[in-house]
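**Student:** Just dropping this structure here.
As structure tokens, this is what we get:
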């Protein structure tokens with residue numbers, strides 16, 4: 002499917018000079034990507050992005066930089082839809098798995114198996130519920146494995162006034 006709209010991400014201000022890299026997810030892995038795969042995790046509303054950023058400690062929110070992105074992405078699977086989940090070979094409960102505990106046990110989460118399969122099939126990204134404990138009940142995320150500043154897999158940062166830091170030297 003084609004997804005057009007806005008995406009949001011709350012960034013640690015220190016790393017805000019590279020808001021479209023996907024390097025953090027590549028380095029640490031995430032619910033929908035094994036280590037080594039660059040992935041851009043975006044939310045479809047600003048409140049969901051804030052919840053995702055603060056999910057570990059919602060009672061102690063830390064400083065952040067909220068960015069918005071223009072999305073114009075083909076080859077997106079909407080995993081809110083049962084038929085699409087069937088095609089992806091995953092259930093809602095598998096998507097909600099405790100992926101970090103599974104990885105800690107040296108096992109592969111079902112979400113990583115699904116991600117590898119979808120990436121190999123040419124899927125650019127997925128729409129999924131937010132699994133942050135403090136997220137709005139209807140909070141949604143779009144997870145991108147293939148993105149650029151231009152279509153057909155566009156995730157273009159909105160920074161018309163060039164306010165974001167340019168590199169780490171900006172903090173010194």
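Residue numbers (the numbering used here): 2 to 173.
Glycine included, C-beta positions come from ideal geometry on N, C-alpha and C.
Between 135, 153 and 71, which lies nearest to residue 61 when the distance is taken from Cα to Cα?
**Tutor:** The residue labelled residue 61 in the question sits at position 60 within the chain shown. Here the closest residue by C-alpha is 135.
**Student:** Relative to the alpha-carbon of residue 73, which residue among 66, 165 and 2 has its alpha-carbon at the smallest distance?
**Tutor:** The sequence position of residue 73 within the chain shown is 72, counting from 1. When only C-alpha atoms are compared, the closest one is 2.
**Student:** So, are the CB atoms of residue 44 and residue 9 less than 8 Å apart?
**Tutor:** One-based indexing of the chain shown puts residue 44 at position 43. One-based indexing of the chain shown puts residue 9 at position 8. Yes, Cβ-Cβ distance for residue 44 and residue 9 is below 8 Å.
**Student:** Going by Cα to Cα distance, which pick from 110, 115 and 63 is closest to residue 11?
**Tutor:** The residue you call residue 11 lines up with position 10 of the chain shown. When only C-alpha atoms are compared, the closest one is 63.
**Student:** Output the boundary residues of the beta strand (DSSP E) element that contains residue 85.
**Tutor:** Stepping through the chain shown from its first residue, residue 85 is reached at position 84. No beta strand (DSSP E) holds residue 85; the alpha helix (DSSP H) holding it covers 83 to 89.
**Student:** Answer with buried or exposed for residue 15, where buried requires no fewer than 16 other C-beta atoms within 10 angstroms of its C-beta.
**Tutor:** What you label residue 15 is simply residue 14 of the chain shown in a count that begins at 1. So residue 15 counts as exposed.
**Student:** When the cut-off is 8 Å and only beta carbons count, does residue 14 lie next to chain C?
**Tutor:** Reference to chain C is not applicable here, since this structure consists of a single protein chain.
**Student:** Give me, in chain order, the residues of the same chain whose beta-carbon lies closer than 7 Å to that of residue 83; leave out the 5 immediate sequence neighbours on both sides.
**Tutor:** In the chain shown, counting from the first residue as 1, residue 83 sits at position 82. Once the five neighbours on either side are set aside, residue 83 has no close Cβ partner at all.
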